[in-house]
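Working notes for the structure below.
In my numbering, the protein residues as written are 22 to 375.
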(Lines of atoms letter the chains of each structure in order from A and count residues from 1; the text may use other names and numbers.)
(Lines give C-alpha, C1' and ligand atoms only; values in the text may rest on other atoms or scores of the structure.)
Protein backbone atom coordinates (compact mmCIF):
# COMPACT_ATOMS: atom_id res chain seq x y z
CA UNK A 1 0.00 0.00 0.00
CA UNK A 2 2.93 2.32 0.68
CA UNK A 3 3.94 2.12 -2.98
CA UNK A 4 0.61 3.65 -4.05
CA UNK A 5 1.07 6.48 -1.52
CA UNK A 6 4.52 7.24 -2.94
CA UNK A 7 3.04 7.21 -6.44
CA UNK A 8 0.44 9.81 -5.44
CA UNK A 9 3.12 12.05 -3.97
CA UNK A 10 5.00 12.07 -7.29
CA UNK A 11 2.09 13.42 -9.34
CA UNK A 12 3.58 16.91 -9.15
CA UNK A 13 6.66 15.80 -11.12
CA UNK A 14 4.71 14.22 -13.98
CA UNK A 15 5.69 16.90 -16.51
CA UNK A 16 9.35 16.40 -15.72
CA UNK A 17 8.98 12.62 -16.12
CA UNK A 18 7.14 13.06 -19.43
CA UNK A 19 9.77 15.48 -20.72
CA UNK A 20 12.48 12.95 -19.88
CA UNK A 21 10.82 10.30 -22.07
CA UNK A 22 9.93 12.69 -24.91
CA UNK A 23 13.51 13.99 -25.14
CA UNK A 24 15.06 10.52 -25.00
CA UNK A 25 17.52 9.52 -27.73
CA UNK A 26 18.97 5.99 -28.04
CA UNK A 27 22.40 5.77 -26.44
CA UNK A 28 21.93 8.68 -24.00
CA UNK A 29 21.50 6.47 -20.93
CA UNK A 30 24.34 4.02 -21.54
CA UNK A 31 26.36 3.14 -18.45
CA UNK A 32 29.99 3.73 -19.42
CA UNK A 33 31.45 0.80 -17.49
CA UNK A 34 34.61 -1.23 -18.09
CA UNK A 35 36.29 1.61 -20.08
CA UNK A 36 33.54 1.23 -22.70
CA UNK A 37 32.36 4.30 -24.59
CA UNK A 38 29.09 5.01 -26.35
CA UNK A 39 30.66 4.46 -29.77
CA UNK A 40 31.73 0.95 -28.68
CA UNK A 41 28.09 -0.16 -28.52
CA UNK A 42 25.73 -1.10 -31.32
CA UNK A 43 23.18 1.63 -30.60
CA UNK A 44 19.93 1.18 -32.58
CA UNK A 45 18.18 4.07 -34.26
CA UNK A 46 14.98 2.99 -32.51
CA UNK A 47 14.75 1.11 -29.20
CA UNK A 48 12.22 -1.72 -29.53
CA UNK A 49 10.14 -2.74 -26.51
CA UNK A 50 8.08 -5.90 -27.09
CA UNK A 51 4.85 -6.57 -25.20
CA UNK A 52 4.25 -10.24 -24.33
CA UNK A 53 1.38 -11.74 -22.39
CA UNK A 54 -1.54 -14.21 -22.38
CA UNK A 55 -4.84 -13.66 -24.17
CA UNK A 56 -6.90 -10.88 -22.62
CA UNK A 57 -3.97 -9.45 -20.67
CA UNK A 58 -4.45 -5.99 -22.17
CA UNK A 59 -1.37 -5.55 -24.37
CA UNK A 60 -3.19 -3.53 -27.03
CA UNK A 61 -4.93 -1.46 -24.37
CA UNK A 62 -1.55 -0.70 -22.81
CA UNK A 63 -0.23 0.51 -26.18
CA UNK A 64 -3.17 2.90 -26.46
CA UNK A 65 -2.70 4.07 -22.89
CA UNK A 66 1.00 4.89 -23.37
CA UNK A 67 0.32 6.53 -26.73
CA UNK A 68 -2.31 8.83 -25.24
CA UNK A 69 0.06 9.83 -22.42
CA UNK A 70 2.91 10.82 -24.73
CA UNK A 71 1.00 12.22 -27.72
CA UNK A 72 0.51 15.96 -27.70
CA UNK A 73 -2.78 15.64 -29.60
CA UNK A 74 -5.20 14.25 -27.01
CA UNK A 75 -8.13 13.93 -29.43
CA UNK A 76 -6.47 11.22 -31.55
CA UNK A 77 -8.24 7.86 -31.77
CA UNK A 78 -6.81 4.65 -30.33
CA UNK A 79 -4.09 3.17 -32.51
CA UNK A 80 -4.15 -0.51 -31.51
CA UNK A 81 -7.15 -2.75 -32.14
CA UNK A 82 -8.56 -3.97 -28.83
CA UNK A 83 -10.46 -7.27 -28.48
CA UNK A 84 -13.70 -6.91 -26.57
CA UNK A 85 -14.19 -10.62 -25.88
CA UNK A 86 -11.00 -12.01 -24.31
CA UNK A 87 -12.16 -15.61 -24.84
CA UNK A 88 -12.22 -15.12 -28.61
CA UNK A 89 -9.34 -16.29 -30.78
CA UNK A 90 -9.61 -13.16 -32.91
CA UNK A 91 -7.00 -11.21 -30.99
CA UNK A 92 -3.75 -9.77 -32.33
CA UNK A 93 -2.37 -12.18 -34.97
CA UNK A 94 0.21 -9.87 -36.59
CA UNK A 95 3.20 -8.10 -35.12
CA UNK A 96 2.29 -4.41 -34.92
CA UNK A 97 4.81 -1.60 -34.45
CA UNK A 98 3.77 1.66 -32.78
CA UNK A 99 6.15 4.61 -32.49
CA UNK A 100 5.66 6.52 -29.25
CA UNK A 101 4.98 9.31 -29.48
CA UNK A 102 3.65 9.36 -33.03
CA UNK A 103 6.28 10.37 -35.55
CA UNK A 104 9.18 9.72 -33.18
CA UNK A 105 12.07 7.44 -34.12
CA UNK A 106 13.45 6.91 -30.61
CA UNK A 107 11.00 4.39 -29.08
CA UNK A 108 8.63 1.83 -30.54
CA UNK A 109 6.28 -0.64 -28.89
CA UNK A 110 5.53 -4.00 -30.47
CA UNK A 111 2.12 -5.54 -29.91
CA UNK A 112 2.30 -9.32 -30.34
CA UNK A 113 0.05 -12.35 -30.50
CA UNK A 114 -1.03 -13.75 -27.15
CA UNK A 115 0.79 -16.62 -25.50
CA UNK A 116 -0.29 -20.17 -26.16
CA UNK A 117 -1.40 -22.70 -23.56
CA UNK A 118 1.69 -24.74 -24.45
CA UNK A 119 4.93 -23.64 -22.84
CA UNK A 120 7.05 -25.29 -25.55
CA UNK A 121 5.12 -23.40 -28.23
CA UNK A 122 5.66 -20.15 -26.34
CA UNK A 123 9.38 -20.82 -25.98
CA UNK A 124 9.72 -21.46 -29.72
CA UNK A 125 7.84 -18.26 -30.60
CA UNK A 126 9.86 -16.14 -28.17
CA UNK A 127 13.13 -17.69 -29.37
CA UNK A 128 12.31 -16.76 -32.97
CA UNK A 129 11.61 -13.13 -32.03
CA UNK A 130 14.74 -12.81 -29.95
CA UNK A 131 17.08 -14.39 -32.50
CA UNK A 132 15.62 -13.08 -35.77
CA UNK A 133 13.98 -9.88 -34.57
CA UNK A 134 10.44 -8.59 -34.91
CA UNK A 135 8.99 -7.30 -38.17
CA UNK A 136 5.96 -5.03 -38.48
CA UNK A 137 3.03 -6.74 -40.17
CA UNK A 138 4.47 -10.25 -39.87
CA UNK A 139 1.83 -12.96 -39.33
CA UNK A 140 2.31 -15.14 -36.26
CA UNK A 141 1.39 -18.80 -36.71
CA UNK A 142 1.32 -21.52 -34.09
CA UNK A 143 1.64 -25.27 -34.51
CA UNK A 144 -1.61 -25.63 -32.57
CA UNK A 145 -3.56 -23.41 -34.99
CA UNK A 146 -6.31 -25.34 -36.74
CA UNK A 147 -6.93 -25.12 -40.47
CA UNK A 148 -9.67 -22.53 -40.05
CA UNK A 149 -7.42 -20.23 -37.98
CA UNK A 150 -4.54 -20.51 -40.43
CA UNK A 151 -6.82 -19.78 -43.37
CA UNK A 152 -8.19 -16.71 -41.58
CA UNK A 153 -4.69 -15.31 -40.89
CA UNK A 154 -3.55 -15.94 -44.47
CA UNK A 155 -6.68 -14.28 -45.84
CA UNK A 156 -6.18 -11.18 -43.69
CA UNK A 157 -2.52 -11.00 -44.67
CA UNK A 158 -3.45 -11.22 -48.35
CA UNK A 159 -6.03 -8.42 -48.08
CA UNK A 160 -3.57 -6.10 -46.34
CA UNK A 161 -0.78 -6.87 -48.79
CA UNK A 162 2.45 -8.58 -47.91
CA UNK A 163 4.75 -6.38 -45.85
CA UNK A 164 8.53 -6.61 -46.04
CA UNK A 165 9.52 -4.22 -43.26
CA UNK A 166 13.01 -4.22 -41.79
CA UNK A 167 13.32 -6.53 -38.76
CA UNK A 168 14.16 -4.89 -35.45
CA UNK A 169 16.21 -6.41 -32.67
CA UNK A 170 14.29 -6.78 -29.41
CA UNK A 171 15.91 -4.50 -26.84
CA UNK A 172 13.68 -5.28 -23.84
CA UNK A 173 10.46 -7.08 -22.94
CA UNK A 174 7.32 -5.84 -21.16
CA UNK A 175 5.39 -8.78 -19.68
CA UNK A 176 1.70 -7.87 -19.43
CA UNK A 177 -0.58 -9.70 -16.96
CA UNK A 178 -4.30 -9.39 -16.24
CA UNK A 179 -4.65 -8.54 -12.54
CA UNK A 180 -8.16 -10.04 -12.33
CA UNK A 181 -6.92 -13.44 -13.53
CA UNK A 182 -4.14 -13.41 -10.93
CA UNK A 183 -6.58 -12.54 -8.13
CA UNK A 184 -8.87 -15.42 -9.17
CA UNK A 185 -5.89 -17.75 -9.05
CA UNK A 186 -4.99 -16.52 -5.55
CA UNK A 187 -8.55 -17.06 -4.29
CA UNK A 188 -8.77 -20.48 -5.93
CA UNK A 189 -11.54 -19.47 -8.32
CA UNK A 190 -9.48 -20.35 -11.39
CA UNK A 191 -7.22 -23.32 -11.99
CA UNK A 192 -3.69 -22.67 -10.77
CA UNK A 193 -2.36 -24.17 -14.02
CA UNK A 194 -2.66 -20.83 -15.81
CA UNK A 195 -0.50 -19.14 -13.16
CA UNK A 196 2.10 -21.89 -13.37
CA UNK A 197 2.21 -21.54 -17.16
CA UNK A 198 2.61 -17.79 -16.77
CA UNK A 199 5.54 -18.16 -14.36
CA UNK A 200 7.14 -20.80 -16.57
CA UNK A 201 6.97 -18.54 -19.62
CA UNK A 202 8.29 -15.57 -17.64
CA UNK A 203 11.37 -17.62 -16.71
CA UNK A 204 12.08 -18.45 -20.36
CA UNK A 205 15.81 -17.66 -20.76
CA UNK A 206 15.21 -15.93 -24.08
CA UNK A 207 13.19 -13.21 -22.33
CA UNK A 208 16.04 -12.20 -20.03
CA UNK A 209 18.95 -9.96 -20.93
CA UNK A 210 21.85 -11.30 -18.88
CA UNK A 211 20.59 -10.92 -15.29
CA UNK A 212 17.77 -8.53 -16.19
CA UNK A 213 14.33 -10.12 -16.31
CA UNK A 214 11.37 -8.48 -18.08
CA UNK A 215 9.43 -5.69 -16.47
CA UNK A 216 5.88 -6.70 -15.45
CA UNK A 217 2.75 -4.61 -15.99
CA UNK A 218 -0.52 -5.39 -14.20
CA UNK A 219 -3.63 -4.33 -16.13
CA UNK A 220 -7.36 -4.07 -15.37
CA UNK A 221 -6.62 -2.86 -11.86
CA UNK A 222 -9.40 -0.31 -12.18
CA UNK A 223 -11.85 -3.19 -11.60
CA UNK A 224 -10.14 -4.14 -8.32
CA UNK A 225 -9.89 -2.50 -4.92
CA UNK A 226 -6.54 -1.03 -3.91
CA UNK A 227 -6.00 -3.78 -1.35
CA UNK A 228 -6.61 -6.47 -4.00
CA UNK A 229 -4.22 -4.72 -6.37
CA UNK A 230 -1.57 -4.79 -3.65
CA UNK A 231 -2.21 -8.52 -3.07
CA UNK A 232 -1.80 -9.23 -6.78
CA UNK A 233 1.42 -7.26 -6.92
CA UNK A 234 2.96 -9.04 -3.96
CA UNK A 235 1.85 -12.46 -5.20
CA UNK A 236 3.41 -11.86 -8.62
CA UNK A 237 6.63 -10.72 -7.00
CA UNK A 238 6.85 -13.95 -5.01
CA UNK A 239 5.84 -16.17 -7.94
CA UNK A 240 8.13 -14.58 -10.53
CA UNK A 241 11.05 -13.80 -8.24
CA UNK A 242 11.20 -10.03 -8.85
CA UNK A 243 10.75 -7.05 -6.49
CA UNK A 244 7.10 -5.95 -6.59
CA UNK A 245 7.86 -2.35 -5.64
CA UNK A 246 10.39 -1.58 -8.40
CA UNK A 247 9.86 -4.08 -11.25
CA UNK A 248 6.07 -4.59 -11.23
CA UNK A 249 3.98 -1.64 -12.37
CA UNK A 250 0.24 -1.32 -11.84
CA UNK A 251 -1.21 0.47 -14.88
CA UNK A 252 -5.03 0.31 -14.79
CA UNK A 253 -7.42 1.67 -17.41
CA UNK A 254 -8.00 4.87 -15.45
CA UNK A 255 -7.34 8.27 -16.96
CA UNK A 256 -5.72 9.75 -13.86
CA UNK A 257 -2.32 11.22 -13.07
CA UNK A 258 -1.23 8.27 -10.92
CA UNK A 259 -1.67 5.95 -13.90
CA UNK A 260 0.38 8.28 -16.10
CA UNK A 261 3.21 8.44 -13.55
CA UNK A 262 3.24 4.63 -13.30
CA UNK A 263 3.36 4.24 -17.11
CA UNK A 264 6.18 6.78 -17.44
CA UNK A 265 8.15 5.05 -14.67
CA UNK A 266 7.72 1.74 -16.47
CA UNK A 267 8.99 3.20 -19.73
CA UNK A 268 11.99 4.74 -18.02
CA UNK A 269 12.81 1.44 -16.31
CA UNK A 270 12.56 -0.44 -19.62
CA UNK A 271 14.71 2.02 -21.54
CA UNK A 272 17.41 2.01 -18.87
CA UNK A 273 17.56 -1.79 -18.91
CA UNK A 274 17.57 -1.81 -22.72
CA UNK A 275 20.55 0.55 -22.83
CA UNK A 276 22.43 -1.38 -20.17
CA UNK A 277 22.21 -4.54 -22.28
CA UNK A 278 23.08 -3.12 -25.69
CA UNK A 279 25.45 -5.34 -27.62
CA UNK A 280 29.02 -4.33 -28.25
CA UNK A 281 29.94 -3.55 -31.83
CA UNK A 282 31.18 -6.46 -33.87
CA UNK A 283 34.93 -6.39 -34.50
CA UNK A 284 34.32 -7.08 -38.18
CA UNK A 285 32.53 -3.82 -38.85
CA UNK A 286 31.91 -2.58 -42.38
CA UNK A 287 34.94 -0.26 -42.22
CA UNK A 288 37.30 -3.03 -41.15
CA UNK A 289 35.98 -5.38 -43.81
CA UNK A 290 36.64 -2.65 -46.41
CA UNK A 291 40.25 -2.26 -45.23
CA UNK A 292 40.74 -6.03 -45.37
CA UNK A 293 39.40 -6.17 -48.93
CA UNK A 294 41.78 -3.38 -49.99
CA UNK A 295 44.75 -5.27 -48.52
CA UNK A 296 43.71 -8.43 -50.35
CA UNK A 297 43.40 -6.46 -53.59
CA UNK A 298 46.90 -5.03 -53.15
CA UNK A 299 48.30 -8.52 -52.60
CA UNK A 300 46.55 -9.78 -55.73
CA UNK A 301 48.05 -6.92 -57.77
CA UNK A 302 51.56 -7.57 -56.45
CA UNK A 303 51.59 -11.26 -57.38
CA UNK A 304 52.07 -10.65 -61.16
CA UNK A 305 54.88 -8.19 -60.41
CA UNK A 306 56.57 -10.82 -58.27
CA UNK A 307 56.43 -13.33 -61.14
CA UNK A 308 57.80 -10.86 -63.71
CA UNK A 309 60.96 -10.29 -61.62
CA UNK A 310 62.02 -13.79 -60.50
CA UNK A 311 65.20 -12.45 -58.87
CA UNK A 312 63.36 -9.82 -56.88
CA UNK A 313 62.80 -12.06 -53.85
CA UNK A 314 66.54 -12.94 -53.68
CA UNK A 315 67.52 -9.29 -53.83
CA UNK A 316 65.10 -8.42 -51.04
CA UNK A 317 66.37 -11.31 -48.90
CA UNK A 318 69.99 -10.18 -49.44
CA UNK A 319 69.20 -6.61 -48.42
CA UNK A 320 67.14 -7.81 -45.46
CA UNK A 321 70.04 -9.98 -44.18
CA UNK A 322 72.51 -7.13 -44.31
CA UNK A 323 70.10 -4.71 -42.65
CA UNK A 324 69.47 -7.18 -39.82
CA UNK A 325 73.21 -7.64 -39.29
CA UNK A 326 73.67 -3.90 -39.15
CA UNK A 327 70.93 -3.54 -36.55
CA UNK A 328 72.44 -6.29 -34.40
CA UNK A 329 75.85 -4.68 -34.50
CA UNK A 330 74.46 -1.26 -33.65
CA UNK A 331 72.45 -2.61 -30.74
CA UNK A 332 74.85 -4.99 -28.99
CA UNK A 333 78.45 -3.95 -29.78
CA UNK A 334 80.10 -1.88 -27.01
CA UNK A 335 82.10 0.00 -29.63
CA UNK A 336 80.63 1.13 -32.90
CA UNK A 337 83.85 0.75 -34.85
CA UNK A 338 84.27 -2.87 -33.72
CA UNK A 339 81.50 -3.94 -36.07
CA UNK A 340 82.09 -3.71 -39.78
CA UNK A 341 79.41 -4.11 -42.34
CA UNK A 342 80.69 -6.08 -45.30
CA UNK A 343 78.79 -5.07 -48.42
CA UNK A 344 80.06 -5.81 -51.88
CA UNK A 345 78.54 -2.85 -53.72
CA UNK A 346 79.66 -4.18 -57.13
CA UNK A 347 77.58 -7.36 -56.68
CA UNK A 348 74.41 -5.49 -55.83
CA UNK A 349 74.87 -2.72 -58.39
CA UNK A 350 72.19 -4.32 -60.59
CA UNK A 351 69.55 -3.67 -57.89
CA UNK A 352 69.76 0.06 -58.38
CA UNK A 353 70.16 -0.11 -62.13
CA UNK A 354 66.93 -2.17 -62.44
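Note that beta-carbon positions come from the ideal geometry of N, C-alpha and C, so glycine has one too.
Keep in mind the model is a prediction, meaning the values are calculated, not measured.
Reference residue i, options the options, closest by Cα
i, options, result
"residue 27", "321, 287, 283 and 316", "283"
"residue 76", "95, 52 and 104", "104"
"residue 51", "123, 291, 164 and 115", "291"
"residue 158", "198, 116 and 85", "116"
"residue 47", "277, 112, 100 and 126", "126"
"residue 233", "205, 192, 273 and 255", "192"
"residue 180", "246, 160, 150 and 91", "160"
"residue 72", "133, 54 and 113", "133"
"residue 94", "102, 297, 121 and 70", "121"
"residue 299", "267, 101, 65 and 44", "65"
"residue 124", "74, 177 and 67", "67"
"residue 43", "92, 311 and 216", "92"
"residue 57", "320, 301 and 311", "301"
"residue 229", "250, 263 and 267", "263"
"residue 32", "281, 320 and 152", "281"
"residue 195", "222, 313 and 49", "222"
"residue 268", "236, 295, 293 and 276", "236"
"residue 45", "314, 303 and 295", "295"
"residue 49", "313, 289 and 319", "289"
"residue 41", "240, 74, 310 and 128", "128"
"residue 261", "198, 174, 245 and 145", "198"
"residue 130", "69, 162 and 151", "69"
Boundaries (first-last residue) of the alpha helix (DSSP H) holding residue i
i, result
"residue 138", "Note, residue 138: premise wrong, no alpha helix (DSSP H); not H, not E."
"residue 51", "That residue, residue 51, is in no alpha helix (DSSP H); it is neither H nor E in DSSP."
"residue 240", "Segment 236-240 is the beta strand (DSSP E) holding residue 240; no alpha helix (DSSP H) there."
"residue 38", "35-43"
Minimum Cβ-Cβ distance from residue i to chain D less than 8 Å
i, result
"residue 321", "Of the protein chains in the structure, only one exists, and it is not chain D."
Identified DSSP bridge partners for residue i
i, result
"residue 72", "195"
"residue 301", "62"
"residue 189", "155"
"residue 130", "70 and 119"
"residue 160", "115"
"residue 233", "230"
N-terminal and C-terminal residue of the beta strand (DSSP E) that residue i is part of
i, result
"residue 93", "Looking at the DSSP string, residue 93 is not in any beta strand (DSSP E), and its letter there is neither H nor E."
"residue 208", "It is not in any beta strand (DSSP E) - residue 208 carries neither H nor E in the DSSP assignment."
inquiry  = Using a Cβ distance threshold of 8 Å, determine whether the segment 269-289 contacts the segment 185-193, with at least three qualifying pairs required.
reply    = no
* Asked: Is the segment 55-64 in contact with the segment 80-99, if contact means three or more CB pairs nearer than 8 Å?
  -> Taking one beta carbon from each stretch, the segment 55-64 and the segment 80-99 have fewer than 3 pairs nearer than 8 Å; the two do not touch.
_For a minimum of 4 consecutive residues, which ranges assigned as the alpha helix (DSSP H) are wholly contained in the segment 243-286?_
247-261
- Given 8 Å, three or more beta-carbon pairs between the segment 84-100 and the segment 164-174: no
> Between the segment 201-220 and the segment 250-259, do at least 3 Cβ pairs fall closer than 8 Å?
Replying inline: By the Cβ criterion, the segment 201-220 is in contact with the segment 250-259, since at least three pairs of Cβ atoms, one from each stretch, lie closer than 8 Å.
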